[in-house]
Structure formats: C-alpha cells, structure tokens
Amino acid sequence: MEAEPSSSPQQDLVFPQYIHDAVGRIAVENGFTAGQFRVDFQVGSDKGDGFSADMFRVRVTEQSREWAMLCKVPPISEARRRQFDSMAIFEREVDVYSKLLPAIYAFQREKGVREEDGFFSAPNCYLSYYEKTREESAILMDDLRLQGYRMWNKTVPVDYDHVRLLMVQLGRLHAVSFAMKEQRPEQFEQFKVPDPICTMMRSNEMFTVMLHMSLDRAIGVLAPEEDKLRQTLLQSKDTMFDDLQGLVDPKNCEPYAVLNHGDCWINNTIFKYEADGTRTHAIVEQVCRAIHCRNFAAEEV
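So our numbering is basically just the index in the sequence shown, starting at one, shifted up by 1.
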C-alpha cells in the first residue's frame, strides 16, 4: 500500500483496501513517489444522484504537487450492490472504458476524423478495474469540474441549448457505430451484448414503483378527449418491462441497430461553460454503460 488513507471528516465510510491500492498504483504511474504522497477522499455526488454506484473525489498530494480525479466504485453497502446488481453494471462499464472507447477512438483516428468533428466525448480514464469473485471494481477518471464543466441541476427542466449539445454527441456516437458495423463487423459484433439495466429494473420493486408513478403523472395531464392514449398508458403498466426488453433486442432493430448510451439521463452528462456562461461542449459520462443495440426507427418510438 503506497498511499496514506485519508482521515477527512467529510467521509465517515471505511473504504475497502482495494480502493486505496488502486489510487496508489495510479498515482505512482503518474509520477508520484511511492510512500511519499497522501490520498484524501470526499463525497463526489449528492444523495439521489445515482443508484448503482458510489462516487468520490480523490485528491493526491505530495509536497506542492496535487492531482484531483473522480473514483467511481460499486456501492460500499452490500445491500445496495445486491439491490441494483451493481457488479453486472460495473463489468459492462469497465469494458466500455478498457475496450469500447479505445476501439471507437482508434477507428475514427484511422479514418482521419478530427476530435472536434467525431465522438471523443467521454472522461479521460486512468483505471478501469473489475474483479467479479471479490466484488471489486473501480473506475478512476478526470474530475471535469476542474476543466470548467458543471452538471445541470436535475430538478430544473433542461433547455434547448443544452439538449442540443447532448444530441450532437449522441448522434456522433451512433454515426461511428454505423461506420464500424459496416467496415469492422467482427470488431463491432463483440459489443452487441444484452442490456443489464433492463434485467435489473425488472427484478427491482423500487423501479416498478418509480415507473408507475411516471406513467400516472403522464396520465394525469391528458385531456378528457384523449381517452385512447390514457388506456394505452394504463395498459403499459402491465407490459412496460417486456416493451423495454423488445426495444433493446438487436434482432428487432436491424438494420438500424447502434451502440447506445443505455442510461442517458441528465446526471450522466456534464457541460462545459466559458467565463461568460456560454455553453460550449457536452461530455457524455458513463457512455454506453449498457452496450446494446437499440431501435431508433421512427415507427418504434
């Protein structure tokens, strides 16, 4: 163990040793002196920001040198890991950072695609580690706040300009998916795997309640004359997980199947701003957390 564990009063949790070991190993690989640096952890997200993971901010210091990054790990709580099947989701996300993103980036560069024109919008990752038997996993990445990025307040409706930035990045991801599927079919095939999130949601009562509440809200805003739509939404309560499973089944998607984000809500996107508040860029965090093919044909929407 090279790093000293933090005694920060902001975090009462006791971190498993493997997390300290992972941070210590990456610190040494990035020029810190073994045994001479300190590691401090702070809470990296607010309550309710995520279900299947814990996020911490990590600060590595050695004399006057300091390095900050984010550390994403399965829930420290064993009960939460079980409830959200976190290890299956982390196995997929580690594959994204260690296999998928390097393949996508290399493919675009081979084709001469500039970074400002292609899909390169995921955080820089220093470590993606997964060990199923011991239920250990860790992803260490840049803390983008230090580069002028900020998260959108999830309680505030997202405006057009922010949505447009996100949709541009998703469009580029889908475009490179089509290109790889056509030009590198064997490489693309390895990423066509089942979606673990649908499986987890189906077996989790909390998500059933949450989705039913969302449907009830939608039903509540319908006009009296929209009874046909009301009945459709009511019926979907009984079939919603089968419907979702069908939408992410590759055999139902071709020839329009693409690599898809899989969990694209506002907390998995972070935006960059200039000094005057102008929005300039969107980074898609946790990109392709569920690597699967989803149908975007208009008739299925």
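A virtual CB, placed ideally from N, CA and C, is assigned to each residue, including glycine.
In the structure shown, what three-state DSSP assignment does L230 receive? Locating residue 230 in the sequence shown gives position 229, counting from the first residue. If DSSP states are grouped into helix, strand and coil, L230 belongs with the helices.
Under the assumption that Q170 contacts F120 (Cβ atoms under 8 Å), give the Cβ distance between them as a whole number of angstroms. As a position in the sequence shown, residue 170 is number 169, starting the count at 1. As a position in the sequence shown, residue 120 is number 119, starting the count at 1. Indeed, because the Cβ distance is near 7 Å, the residues count as touching under 8 Å.
Neighbourhood of G247 by C-beta, 7 Å cutoff - its chain only, sequence neighbours within 5 removed: By 1-based counting over the sequence shown, the position of residue 247 is 246. Around G247: N253.
If you draw a straight line from the alpha carbon of L234 to that of R82, how long is it in whole angstroms? By one-based count along the sequence shown, residue 234 stands at place 233. By one-based count along the sequence shown, residue 82 stands at place 81. Roughly 32 Å between the two C-alpha positions.
What runs of the beta strand (DSSP E), each 3 residues or longer, lie entirely inside the region 91-171? 126-132 and 137-143
First through last residue of the alpha helix (DSSP H) which encompasses T209: Residue mapping note: residue 209 aligns to position 208 of the sequence shown, counting from 1. It spans E206 to G221 - the alpha helix (DSSP H) in which T209 sits, taken as one unbroken run.
E275 versus R93: straight-line alpha-carbon distance, rounded: By one-based count along the sequence shown, residue 275 stands at place 274. By one-based count along the sequence shown, residue 93 stands at place 92. Each residue's alpha carbon lies about 33 Å from the other.
E183 (DSSP reduced to helix, strand or coil): Position 182 of the sequence shown holds residue 183. Here E183 sits in helix by DSSP.
Determine which residues share a DSSP beta bridge with K273 and list them. Position 272 of the sequence shown holds residue 273. Y150 and H282, per the DSSP bridge assignment.
Along the chain, where does the alpha helix (DSSP H) that runs through Q43 open and close? Within the sequence shown, residue 43 is the residue found at index 42, counting from 1. Element bounds for Q43: not the alpha helix (DSSP H) but the beta strand (DSSP E), R39 to V44.
Taking DSSP as the reference, what is the three-state secondary structure of V74? Stepping through the sequence shown from its first residue, residue 74 is reached at position 73. Correct three-state label for V74: strand.
Count the other C-beta atoms from every protein chain shown that fall within 10 angstroms of the C-beta of H175, then say buried if there are 16 or more, exposed otherwise. Taking the sequence shown and counting its residues from 1, the one referred to as residue 175 is at position 174. Label assigned to H175: buried.
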